[in-house]
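Q: Supplied in structure tokens, the structure appears directly below.
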Amino acid sequence: METNQEELTVMPRIGDKAPSFKAKTTQGDLNFPDDYKGKWKILFSHPADFTPVCTSEFMTFATMQKEFDDLNCQLVGLSVDGLFSHIAWLRTIKEKIEYKGMKNVEVTFPLIEDITMEVAKKYGMIQPNENTTQAVRAVFYIDPNDIIRTIIYYPLALGRNFNELKRVLIGLQTADEFSVALPADWHPGDEVIVPPAASCGGAKERMESKDEDLTCYDWFFCTKPLAKEEIQKKICKKK
């Protein structure tokens, strides 16, 4: 069976340079990622304006925006709707919608107009077997060097977990800053994983270590404490 090349969904991979593009947004013209040099970026897509799941997500992101700002992270949204639709929808959110205690919510991060689906296709946000005309809920974490570090995809019907989105950002920054890895269900203040020994001698030394801060379950799996306050101090310093 022949494959129609136009229907293929192509997406960049972790470790790739973030694809660049120019677009119109609710905050003016955007040259991405160049406009945010030195910052972390979260580029995320949603299926459509004036839809309930997307409305709940945008209200949550906007309410948490300062928390992402404090982590030196720029939020950038996208859907395949037009600019006037974006503006009308965001005005409706601010003027009419109250949800879970959130009201008068103003979205001030840019929302990209992508009627041609050029950007959505460039980032693999259109998943044909899910929907051919709407973007799924994709999330791309892009570091200050414009490298894609994490990609998370959700289907149309499932809203994102925003506490997890923030945790991932803090985790990426922590791993970079302290040269550590992070175990399952890690949160700031939990122990972190130190790099495994790279030789037989190193493994023996690791297991015989008298370092009271080091907990070794075996030669390849050792953890150490890392205070939440130390993480906050280092990460905030990067702003």
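In the numbering used here, the protein residues as written are -10 to 228.
For each residue, glycine too, the CB sits at the ideal point set by N, CA and C.
Report the partner residues of W78 according to the DSSP bridge assignment.
A: Position 89 of the sequence shown, counted from the start, is the residue given in the question as residue 78. DSSP lists no partner for W78.
Q: Does the beta-carbon of F73 have 16 or more other beta-carbons within 10 angstroms, so that it is buried, or is it exposed?
A: Stepping through the sequence shown from its first residue, residue 73 is reached at position 84. Looking at its Cβ environment, which holds fewer than 16 other Cβ atoms inside 10 Å, F73 is exposed.
Q: Rounding to the nearest angstrom, what Cα-Cα distance links T(-8) and A124 in this structure?
A: Translated into the one-based positions of the sequence shown, residue -8 becomes position 3. Translated into the one-based positions of the sequence shown, residue 124 becomes position 135. Residue confidence is low: T(-8) scores 47 on pLDDT, short of 50, so the model does not pin down where it sits. Its coordinate-derived value is still stated next. When rounded, the distance between both Cα atoms is 21 Å.
Q: With three or more C-beta pairs closer than 8 Å as the rule, is the region 18 to 34 touching the region 133 to 144?
A: Flag = yes, the region 133 to 144 and the region 18 to 34 touch.
Q: Assuming K111 contacts F47 under a Cβ cut-off of 8 Å, what Cβ separation, rounded to an integer in Å, is found between them?
A: Taking the first residue of the sequence shown as 1, we reach residue 111 at position 122. Taking the first residue of the sequence shown as 1, we reach residue 47 at position 58. Wrong, their Cβ atoms sit about 22 Å apart, outside the cutoff.
Q: Whose C-beta lies closer than 7 Å to the C-beta of R195 among residues of the same chain, with five residues either side of it excluded?
A: On the sequence shown, position 206 is the one that residue 195 refers to. Once the five neighbours on either side are set aside, the close Cβ partners of R195 are A186, C205, W208, C211.
Q: Closest to N120 by CA distance: which of E102, E84, V69, L100 is it?
A: Counting from one through the sequence shown, the residue named residue 120 turns up at place 131. The shortest Cα separation from N120 among E102, E84, V69, L100 belongs to V69.
Q: In chain order, what residues of the same chain lie with their CB nearer than 6 Å to the CB of E95, ignoring the 5 residues before and after it?
A: Taking the sequence shown and counting its residues from 1, the one referred to as residue 95 is at position 106. For E95, where only same-chain residues beyond five positions count, the Cβ hits under 6 Å are K83.
Q: Pick out whichever of D24, T139, E102 has its Cα sitting closest to the Cα of L67.
A: Counting from one through the sequence shown, the residue named residue 67 turns up at place 78. For the residues D24, T139, E102, the minimum Cα distance to L67 belongs to E102.
Q: Quick one: what does DSSP say G148 is sitting in, helix, strand or coil?
A: In the sequence shown, residue 148 corresponds to position 159, counting from 1. It is coil, neither helix nor strand.
Q: What does the alpha-carbon distance come out to for the pair Q162 and M114?
A: Sequence index remark: in the sequence shown, residue 162 carries index 173 (1-based). Sequence index remark: in the sequence shown, residue 114 carries index 125 (1-based). Going by the C-alpha atoms only, they are around 25 Å apart.
Q: Could you please give the first and the last residue of the uninterrupted beta strand (DSSP E) stretch that includes K30?
A: To locate residue 30, count along the sequence shown from 1; it is residue 41. Taken as a continuous stretch (DSSP letters only), the beta strand (DSSP E) holding K30 covers 29 to 34.
Q: Exposed or buried, which one is H176 when buried takes at least 16 other CB atoms within 10 Å?
A: Residue 176 sits at position 187 when you count from the first residue of the sequence shown. Exposed is the call here.
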